[in-house]
Amino acid sequence: EPQGRPDTSTPKQRELVARVNRAKDYYDIFECDKSASEADLKKAYRKLALQLHPDKNTAPGAEEAFKKVNKAWDVLSDKNKRSTYDMFG
């Protein structure tokens, strides 16, 4: 429970948290492939960041999922980091 708050999440929120936390790579987090444009990735990032924000989603694991989304965005939104990630994972 984030900051000791009760879990008031919906089944849909819990499923989203589970999907993000089991994603095989950064592209899978955003449900995009390696050919995705920066605009597509940004749209997916913004949507997930809103849905997983700790103030909005109290599901167990939501904070971890939110951090994964931000880490994935940090890499995929930077051309150099993305290129390295695409080569080496």
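Counted from 1, the sequence shown has number 97 at position 81 by my numbering; the numbering is strictly sequential. Glycine included, each C-beta is placed from N, C-alpha and C at the ideal position.
Below 8 Å, enough C-beta pairs join the segment 78-86 and the segment 25-45 to call them touching: three or more. Under the three-state reduction of DSSP output, SER99 falls in the helix class. Taking C-beta separations shorter than 7 Å and ignoring five residues to either side along the sequence, the partners of TYR42 in its chain run ALA88, VAL91, LEU92, TYR101, following chain order. Judged by beta-carbon spacing, VAL85 lies within the 7 Å limit of LEU68, meaning their Cβ atoms are closer than that value.
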